[in-house]
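Numbering (the working numbering), first residue to last: 7 to 220.
The structure appears right after this line, and notes come after that.
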């Protein structure tokens with residue numbers, strides 16, 4: 007039985023997000039890459055086979071696990087319709103106003119008839135070293151009896167930077183591997199990572215936009 011008064015944060019395995027790096031409660035780190043899509047259906051059979059083989063080679067070349075996540079949501083057409091409504095108010099020609107109004111009605115009918123989905127592709131890159139926040143070096147008797155808050159903070163900061171360096175090397179390997187078969191990727195910053203998790207844990211609310219790849 008779950009304890010009374012438990013908060014949502016207690017069920018989320020995230021301790022903090024620092025400089026775009028997700029720190030989990032067990033001390034391991036994660037980086038999230040936003041990846042572009044490839045419309046493989048528009049390619050020839052030879053090109054499709056080449057992309058598949060390159061993707062297979064990319065996965066086989068990795069010496070660490072990665073997670074590929076696809077976020078699929080119904081496309082929010084309201085901002086676009088609002089823009090069209092504003093266009094109607096700005097137009098002076100009656101014919102253009104009528105055509106714009108008919109176009110708005112068509113868009114509403116089409117989106118009600120067909121589910122238009124927006125998709126985002128993420129690659130999660132992990133790094134699991136020694137537990138973050140716990141010093142790996144042995145402490146002297148003096149340090150054990152008289153612990154220094156500044157020393158502990160400095161140790162944690164140094165440990166985080168060391169593990170982040172290792173994680174960034176993995177991120178570079180993944181980005182290089184993806185680029186070989188035409189997939190562009192970009193690491194999310196802190197705000198973008200927060201919005202990804204907000205959308206994940208609040209599926210019923212309006213989707214907060216993650217900037218697209220240029």
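For glycine and all other residues, C-beta sits at the position ideal for the given N, C-alpha and C.
Original post:
Do residue 44 and residue 57 have their CB atoms nearer than 8 Å?
Top reply: By one-based count along the chain shown, residue 44 stands at place 38. By one-based count along the chain shown, residue 57 stands at place 51. A contact, by the Cβ cut-off of 8 Å.
**OP:** Within 10 angstroms of the Cβ of residue 23, are there 16 or more other Cβ atoms? Answer buried if so, exposed if not.
**Re:** Mapped onto the chain shown, residue 23 falls at position 17. Taking all protein chains in view, the Cβ of residue 23 is crowded by 16 or more other Cβ atoms within 10 Å, so the residue is classified as buried.
Original post:
DSSP three-state call for residue 227: helix, strand or coil?
Top reply: Lying outside 7 to 220, the shown extent of the chain, residue 227 is not represented and no answer is given.
**OP:** In the DSSP assignment, find the alpha helix (DSSP H) that holds residue 84 and state where it starts and stops.
**Re:** Along the chain shown, one-based indexing puts residue 84 at 78. Per DSSP, residue 84 belongs to the alpha helix (DSSP H) from 84-96.
Original post:
What residue does the alpha helix (DSSP H) around residue 111 start on, and which one ends it?
Top reply: Translated into positions along the chain shown, residue 111 becomes position 105. Looking at the DSSP string, the run of the alpha helix (DSSP H) that includes residue 111 is 100-119.
Original post:
Can you tell which of 69, 198, 203, 17 has its C-alpha closest to the C-alpha of residue 133?
Top reply: Start at 1 with the first residue of the chain shown, and residue 133 comes out as number 127. It is 69.
**OP:** Compare the beta carbon distance of residue 116 and residue 76 with 8 Å and say whether it is the shorter of the two.
**Re:** Taking the chain shown and counting its residues from 1, one reaches residue 116 at position 110. Taking the chain shown and counting its residues from 1, one reaches residue 76 at position 70. Contact: no.
**OP:** To the nearest angstrom, report how far apart residue 109 and residue 171 are at their CA atoms.
**Re:** In the chain shown, the residue the question calls residue 109 occupies position 103. In the chain shown, the residue the question calls residue 171 occupies position 165. The alpha-carbon atoms of residue 109 and residue 171 are separated by roughly 52 Å.
**OP:** Would you identify the three-state DSSP class for residue 133, choosing helix, strand or coil?
**Re:** Position 127 of the chain shown, counting from 1, holds the residue named residue 133. DSSP places residue 133 in strand when its eight states are reduced to three.
Original post:
Going by beta carbon distance, what residues of the same chain come within less than 6 Å of residue 55, once the five residues before and after it are set aside?
Top reply: Walking along the chain shown from the start, residue 55 turns up at place 49. Residues of the same chain with a CB within less than 6 Å of the CB of residue 55, apart from the 5 flanking positions on each side, do not exist.
**OP:** Could you spell out the range, first to last residue, of the beta strand (DSSP E) harbouring residue 38?
**Re:** In the chain shown, residue 38 corresponds to position 32, counting from 1. That run of the beta strand (DSSP E) goes 35-41.
Original post:
To the nearest angstrom, how far is it from the Cα of residue 39 to the Cα of residue 100?
Top reply: Here residue 39 corresponds to residue number 33 of the chain shown, with the count starting at 1. Here residue 100 corresponds to residue number 94 of the chain shown, with the count starting at 1. About 48 Å.
**OP:** Sort 195, 124, 206 by Cα distance to residue 28 and report the nearest one.
**Re:** On the chain shown, position 22 is the one that residue 28 refers to. The shortest Cα separation from residue 28 among 195, 124, 206 belongs to 195.
Original post:
Between which two residues does the alpha helix (DSSP H) containing residue 67 stretch?
Top reply: Here residue 67 is taken as the residue at index 61 of the chain shown, counted from 1. Where residue 67 is concerned, the enclosing alpha helix (DSSP H) stretches over 51-67.
**OP:** Indicate the three-state DSSP secondary structure (helix, strand or coil) for residue 17 in the structure shown.
**Re:** Numbered from 1 along the chain shown, position 11 holds the residue referred to as residue 17. Helix, per DSSP.
Original post:
Where DSSP assigns a beta bridge to residue 78, which residues make up the other side?
Top reply: For the purposes of this step, residue 78 is taken as residue 72 along the chain shown, with counting starting at 1. DSSP, once it has assigned bridges, lists 125 as partnering residue 78.
Original post:
From residue 71 to residue 182, what distance separates their C-alpha atoms?
Top reply: The residue you call residue 71 lines up with position 65 of the chain shown. The residue you call residue 182 lines up with position 176 of the chain shown. Each residue's Cα considered, the two are about 16 Å apart.
Original post:
Where residue 91 and residue 123 are concerned, what is the direct C-alpha to C-alpha distance, given to the nearest angstrom?
Top reply: As a first step, residue 91 must be located in the chain shown, where it is residue number 85. As a first step, residue 123 must be located in the chain shown, where it is residue number 117. Rounded to the nearest angstrom, the two C-alpha atoms are 23 Å apart.
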